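Line order of the protein sequences matches chains P and V. Taking this note's numbering, the leading residue of the first sequence gets 4, the next gets one more, and so forth. Taking this note's numbering, the leading residue of the second sequence gets 516, the next gets one more, and so forth. Idealized CB from N, CA, C, for every residue including glycine. Note that the structure is a prediction, hence the values are computed from the model and not measured. Scroll down for the structure; my scribbles are underneath it.
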Amino acid sequence: MVDSVQDGPDVLYIDRHYIHEVTSPQAFSGLRKRGISLFRPERTLATADHNIPTQHQELPIREKLSRIQVETLSENCKEFDVELYGLGHPHNGIVHVIGAELGFTQPGMTIVCGDSHTSTHGAFGSIAFGIGTSEVEMVFASQCVLQPKPKKMRINIEGALGKAVTSKDIILYIISQISASGATGYFVEYAGSTIRSLSMEARMTICNMSIEMGARGGLIAPDEITFDYMNGREFAPKDADWDSAVESWKLLQTEPDAVFDKELYYRAEDIHPMITYGTNPGMGTAIDGNIPKLEEIPADEQPSFKKALEYMNFVPGMKLAEHPIDYVFLGSCTNGRIEDIRAFASLVKGKKKAGNVTAWIVPGSKQVEKQAYEEGLAEILEQAGFEFRQPGCSACLAMNEDKIPAGKYSVSTSNRNFEGRQGPGARTLLASPLTAAAAAVTGKITNPADLL
Amino acid sequence: MAIEKFNILTSTCVPLPAENVDTDQIIPARFLKATSREGFGENLFRDWRYDKDNTPRKEFVLNSPEYSGKILVAGRNFGSGSSREHAAWAIFDYGFRVVVSSFFADIFKNNAMNNGLLPVQVSANFLKNIFNEIEKDSQAQLEIHLEKQEIRLLSTGEREKFEINAYKKLCFLNGYDDIDFLLSKKEKIIAFEQQRGG
Ligand code: SF4
C-alpha cells in the first residue's frame, strides 16, 4: 500500500496488469486525451482472447466489430509500448491462462485486469482481482488503484477427494452451499488439507470461480507445489534470484492466529461430481442428485428459481442423470489448461463421441495447444471423434462465432451459466472436464465415476 | 480527464420517472464492442429514443423540446444491472452532470462518480415534489450545492441534504478524478517502488 486516503480508499500499488481487447480501448484513449504515457509499461501484458475465432486464426477475423477491437488493441500496444501476445503469437491465449503459465504471475504480487476472473491468479498466493475500465486507466497512469478494504473469509476443506471428484466440483459445491452472492464483499482464502493436495492448475480453477459467489478475489497460500510449478517459467526469477524469491515466498503464510470475518468448514468426502441446473453458478447439485423441490427453496427465492428452471426447461425435483445433452464445451480460463485436456482425454480415450453431441475442445492458450499435440492428447481426441480447436475464450461468453444455439443443452467447463451467456437462449450446465467428457461420450448427463 | 470542477449547479431538468431503469436500457449491450468512450451519448436510451428505423420517438422525453438541462431526474433504483461503465459514459456524454434519484444501484453510483457524473440521492418525498414541480413548469430549476451537500427546488425553496463520500466530494470540488489524484501521488509511488526494490 502506497498511501491511504482519509475517509476514503487505500492507494494500492499494482505489480502486474493484464489487459485484453474488450475493456482496454477506452482506457488507452483516456491516456491519449491527457497526453500521458504508461507509467510502468513493463508491468502490463496484453493478449487478444475474448473476440477471437477458434478456427482459421491465420485468416482475418470475419466479424467486423470483433476485428476492430482486436486491431485497436494492437495499435494501442504499439503506441504505448505494451508487450502484446496477439493472435497467432506462441504466447497468445486467455489472459488468465497465459499470465500463470508464463510465470508473469508470482506469489505475493498485486495483480489486476479489466476482467472479473482475475481472481484466478490468487492460486499463487497473490492478491488478484478484476477492475473496471476507469481503473485500467488508473493503473496505466499511475500503476495504482484505489481500493476499499475488503472483509476476510477463510474456507477450509479437509480430507481426501473421492473418485472422479475434481477441484471444479469443490468450487461448484462451495458455491451451491453459500449461493452466488454468499461471499459478496469478501476476499476469500482457501485452506485445509484438500486444498494443499491440489495441483496449481486445480487451485487456479477454484480461485477462478471465487467471483461466482460474489467474492472480490480468492487466494491460496503458496507452498512447494507452487514453487515447483513456477520454476523455469519464462518470467520466473532465475538462479540466485530464484532462491531468494522462494525464501521470500515462503513467508507468505497466514499467521496461525489470524482472525477472519467469517470462517467456513467442509469435508472432501461430502463432495461428489457436481453439475448446475439453473442460471447462476450457485444452482448446482451432485450429479446423481435431484433438482430441489419448490418447497425446499425459501419463499422469496421461489420466483427466480422457477424462472431459471423455465429457462432451462427443467422441473423442480427432477433427476439430472440421463438427461440428454447437445453440446460439450471444454475450455475457458476455468478449465482450459493442459491438465483439463488431459483429464478429458483420459476419459474419452478408446471411446467415441456420442452422435447427438457437438463438442468444442478449446485450449486456453497456444502453449496448451502445443503441449496437447506433443503429449498425443490431440490425437486421442481426434480418434474419439472430437474437434481440437485453437485457443481463445470461445463459447465461455460467445463473443466470437462459437455460440450454443437457442434451447440446446451445453455441458460446459466454463464458469457462468447465466441466461444467454453461451449464446441467446443457450442452456448451460457447468461441470468439470471429467463430467464434460462423460457427457460427450454418452450423449447425456453421466457421472464420470461410472466410466473410469 | 480531469472532470469539470463542480460546486454549484443550477439547471432545468429532464424528468424520467420510470423506476428500475437498468444499464441495458441506458445503453444497450450491442454498443459494448465500441472502442471509444465518446459518442455513447448518441445511443443513450437508444431503444426508448428511436424506433427500429431510427426515427426519434416523439413521446420520449429526450426528444421533447420542452425539457432540457444538465440534471436528469430519475425514478427509484436507477442504474441496476451489469457493471458496464458505458452507462455512466453515455449519460455524461449526452451532457448531464447530475442524476437525481431516490435510490441508485451501487456499481452505477461508483462508475458515475469515477466519470464526473454526480449522483444525488434524495428522499422519496423530495423526489415526488421535484417531479410535481417539473410537471407544473417544465422550466423548474434545481440547485445542487456540493460544498453544503444540499439540493434545492428553486420554485418552492424546499431543500434537502444529500450524502457523498468525503474523498469523492474533494475530487468533484477540485475537478480532479481518481487519475489526477493518483498522478498527484507520483512521488509517493516512486518512493514506494524504491523502498520495495523493483
Ligand atoms: S474464458 Fe470466459 S471467463 Fe475467462 S476471461 Fe475469457 S470470457 Fe472471461
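query: Within 10 angstroms of its Cβ, does Ala243 of chain P collect 16 or more other Cβ (buried), or is it exposed?
result: Stepping through the first sequence from its first residue, residue 243 of chain P is reached at position 240. Exposed, by the Cβ-count rule.
- request: Over the uninterrupted alpha helix (DSSP H) stretch that includes Leu437 of chain P, give me the two end residues.
  value: Here residue 437 of chain P refers to the residue found at position 434 when the first sequence is read from its first residue. Unbroken alpha helix (DSSP H) run through Leu437 of chain P: 436-445.
query: How is Cys686 of chain V classed by DSSP in three states: helix, strand or coil?
result: Against the second sequence, residue 686 of chain V aligns to sequence position 171. Residue state, collapsed to three classes: helix.
task: Output the residue ranges of the alpha helix (DSSP H) runs that lie fully inside the stretch 17-44 of chain P and measure 4 residues or longer, sorted by chain position.
output: With a minimum length of 4 residues, the continuous alpha helix (DSSP H) runs that stay inside the stretch 17-44 of chain P are 28-37.
- request: Could you list which residues in chain P have their beta carbon closer than 9 Å to that of Asn558 of chain V, in chain order?
  value: As a position in the second sequence, residue 558 of chain V is number 43, starting the count at 1. Scanning chain P for C-beta atoms nearer than 9 Å to the C-beta of Asn558 of chain V yields nothing, as the closest lies near 14 Å away.
message: Shorter than 6 Å, the distance from the beta carbon of Leu400 of chain P to the closest heavy atom of the ligand ZN, or not?
response: As for the ligand ZN, it is missing from this structure, which binds only the ligand SF4.
message: Given the structure, does Ile341 of chain P come close to the ligand SF4, in the sense that its CB is under 6 Å from one of the ligand's heavy atoms?
response: Position 338 of the first sequence, counted from the first residue, corresponds to residue 341 of chain P. No, the ligand SF4 has no heavy atom inside 6 Å of this Cβ.
Proximity winner among P:Asp172, P:Ile71, P:Ala49, relative to Ile97 of chain P (alpha-carbon distances): As a position in the first sequence, residue 97 of chain P is number 94, starting the count at 1. Nearest option by C-alpha distance: P:Ala49.
field: Buried/exposed call for His601 of chain V, threshold 16 Cβ in 10 Å
entry: What you label residue 601 of chain V is simply residue 86 of the second sequence in a count that begins at 1. The residue is buried, with at least 16 neighbouring Cβ atoms inside 10 Å.
query: Is the Cβ-Cβ distance between Trp604 of chain V and Phe555 of chain V less than 7 Å?
result: One-based indexing of the second sequence puts residue 604 of chain V at position 89. One-based indexing of the second sequence puts residue 555 of chain V at position 40. Going by C-beta atoms, Trp604 of chain V is nearer than 7 Å to Phe555 of chain V.
message: Just checking: is the beta-carbon of Tyr189 of chain P within a distance shorter than 7 Å of some beta-carbon in chain V?
response: As a first step, residue 189 of chain P must be located in the first sequence, where it is residue number 186. Using beta-carbon distances, Tyr189 of chain P does not count as an interface residue toward chain V, since no partner is under 7 Å.
- prompt: In this structure, does DSSP put Lys701 of chain V in helix, strand or coil?
  reply: As a first step, residue 701 of chain V is located in the second sequence; it is residue number 186 there, counting from the start. In the structure shown, Lys701 of chain V sits in a helix (DSSP, three-state: H, G or I).
Any non-hydrogen atom of the ligand SF4 closer than 6 Å to His124 of chain P Cβ: Counting from 1 along the first sequence, the entry for residue 124 of chain P is found at position 121. The nearest non-hydrogen atom of the ligand SF4 is 6 Å or more from the C-beta of His124 of chain P.
message: On a Cα-Cα basis, can you pick out the residue from V:Ile649, V:Val529, V:Ser579, V:Lys573 that is closest to Ser670 of chain V?
response: Along the second sequence, one-based indexing puts residue 670 of chain V at 155. Taking Ser670 of chain V as reference, the option from V:Ile649, V:Val529, V:Ser579, V:Lys573 with the minimal CA-CA separation is V:Ile649.
query: Quick one: does the C-beta of Asp118 of chain P sit closer than 6 Å to a heavy atom of the ligand SF4?
result: Position 115 of the first sequence, counted from the first residue, corresponds to residue 118 of chain P. Checking every heavy atom of the ligand SF4 against the Cβ of Asp118 of chain P, one is found closer than 6 Å.
field: Ranges of the beta strand (DSSP E) found wholly within the stretch 146-194 of chain P, counting only runs of at least 3
entry: List check, beta strand (DSSP E) in window: 147-150, 154-161, 189-194.
query: Using the beta-carbon of each residue, which ones in chain V are nearer than 9 Å to Ser40 of chain P?
result: By 1-based counting over the first sequence, the position of residue 40 of chain P is 37. Using a Cβ-Cβ cut-off of 9 Å, Ser40 of chain P is close to nothing in chain V; its nearest Cβ partner there is about 12 Å away.
message: Considering only their Cβ atoms, is the gap separating Met216 of chain P from Ala186 of chain P smaller than 7 Å?
response: Here residue 186 of chain P refers to the residue found at position 183 of the first sequence. Here residue 216 of chain P refers to the residue found at position 213 of the first sequence. At a Cβ-Cβ threshold of 7 Å, Ala186 of chain P and Met216 of chain P count as neighbours.
query: Quick one: Cα of Lys703 of chain V to Cα of Asp13 of chain P, how far?
result: Residue numbering aside, residue 703 of chain V sits at position 188 when the second sequence is read from its first letter. Residue numbering aside, residue 13 of chain P sits at position 10 when the first sequence is read from its first letter. Whole-angstrom Cα-Cα distance: 13 Å.
Cys210 of chain P beta carbon near the ligand SF4 (any heavy atom closer than 6 Å): Reading the first sequence from its first residue, position 207 is the one you call residue 210 of chain P. The answer is no for Cys210 of chain P.
- request: Confirm the yes/no value for this check: CB of Ser335 of chain P, any heavy atom of the ligand SF4, distance under 6 Å.
  value: Numbered from 1 along the first sequence, position 332 holds the residue referred to as residue 335 of chain P. Taken from the Cβ of Ser335 of chain P, at least one heavy atom of the ligand SF4 lies inside 6 Å.
task: Take every Cβ of the stretch 20-36 of chain P, pair it with every Cβ of the stretch 73-84 of chain P, and state whether three or more of those distances are shorter than 8 Å.
output: Output reads yes: the stretch 73-84 of chain P touches the stretch 20-36 of chain P.
- prompt: At which residues does the alpha helix (DSSP H) containing Pro306 of chain P begin and terminate?
  reply: Taking the first sequence and counting its residues from 1, the one referred to as residue 306 of chain P is at position 303. From DSSP, the alpha helix (DSSP H) with Pro306 of chain P extends over 305-315.
query: Measuring CA to CA, which of V:Asp562, V:Glu519, V:Ile523, V:Arg612 is closest to Ser583 of chain V?
result: Numbered from its first residue, the second sequence carries residue 583 of chain V at position 68. Taking only the C-alpha atoms, the option nearest Ser583 of chain V is V:Arg612.
query: Assuming Pro394 of chain P contacts Pro366 of chain P under a Cβ cut-off of 8 Å, what Cβ separation, rounded to an integer in Å, is found between them?
result: Here residue 394 of chain P is taken as the residue at index 391 of the first sequence, counted from 1. Here residue 366 of chain P is taken as the residue at index 363 of the first sequence, counted from 1. That belief holds up - the Cβ atoms of Pro394 of chain P and Pro366 of chain P are roughly 5 Å apart, short of 8 Å.
Proximal chain A residues relative to Asp621 of chain V, where beta-carbon distance stays under 9 Å: Here the protein chains are P and V, and chain A is not one of them.
- prompt: Is it true that the CB of Leu164 of chain P sits closer than 7 Å to the CB of Thr279 of chain P?
  reply: Residue 279 of chain P sits at position 276 when you count from the first residue of the first sequence. Residue 164 of chain P sits at position 161 when you count from the first residue of the first sequence. No Cβ-Cβ contact shorter than 7 Å links Thr279 of chain P with Leu164 of chain P.
task: Using a Cβ-Cβ cut-off of 7 Å, state whether Leu400 of chain P counts as contacting chain V.
output: Translated into the one-based positions of the first sequence, residue 400 of chain P becomes position 397. No, Leu400 of chain P lies away from the interface with chain V (no Cβ there is under 7 Å from its Cβ).
message: Is Cys511 of chain P a contact residue of the ligand SF4, with contact defined as CB to any heavy atom under 6 Å?
response: In the structure displayed, chain P extends from 4 to 455; residue 511 of chain P sits before or after that span and is not available.
field: Test item: CB-CB of Ser397 of chain P and Ile101 of chain P under 7 Å
entry: Here residue 397 of chain P is taken as the residue at index 394 of the first sequence, counted from 1. Here residue 101 of chain P is taken as the residue at index 98 of the first sequence, counted from 1. No.
query: With distances taken from CA atoms, which of P:Ile17, P:Arg46, P:Met315 is nearest Gly287 of chain P?
result: Taking the first residue of the first sequence as 1, we reach residue 287 of chain P at position 284. Of P:Ile17, P:Arg46, P:Met315, the residue nearest in Cα terms is P:Met315.
Beta-carbon spacing of Val139 of chain P, Ser40 of chain P below 7 Å: Translated into the one-based positions of the first sequence, residue 139 of chain P becomes position 136. Translated into the one-based positions of the first sequence, residue 40 of chain P becomes position 37. For Val139 of chain P and Ser40 of chain P, no; Cβs fall outside 7 Å.
message: With a threshold of 8 Å on Cβ separation, who are the neighbours of Glu385 of chain P within its own chain once the five nearest residues in sequence on each side are excluded?
response: Taking the first residue of the first sequence as 1, we reach residue 385 of chain P at position 382. Hits under 8 Å: Phe391.
task: Can you say whether Lys643 of chain V is buried or exposed, counting buried as having 16 or more other CB atoms within 10 angstroms of its CB?
output: The residue given as residue 643 of chain V occupies position 128 in the second sequence. With fewer than 16 Cβ atoms within 10 Å of its Cβ, Lys643 of chain V is classed as exposed.
message: Our contact map puts Gln425 of chain P next to Ala401 of chain P with C-beta atoms below 8 Å; I'd like the distance itself, whole angstroms only.
response: Here the question's residue 425 of chain P lines up with position 422 in the first sequence. Here the question's residue 401 of chain P lines up with position 398 in the first sequence. 5 Å between Cβ atoms; contact.
task: Consider the C-beta atom of Ile542 of chain V and the heavy atoms of the ligand SF4; say whether any pair is separated by less than 6 Å.
output: As a first step, residue 542 of chain V is located in the second sequence; it is residue number 27 there, counting from the start. No, the beta carbon of Ile542 of chain V sits no closer than 6 Å to any heavy atom of the ligand SF4.
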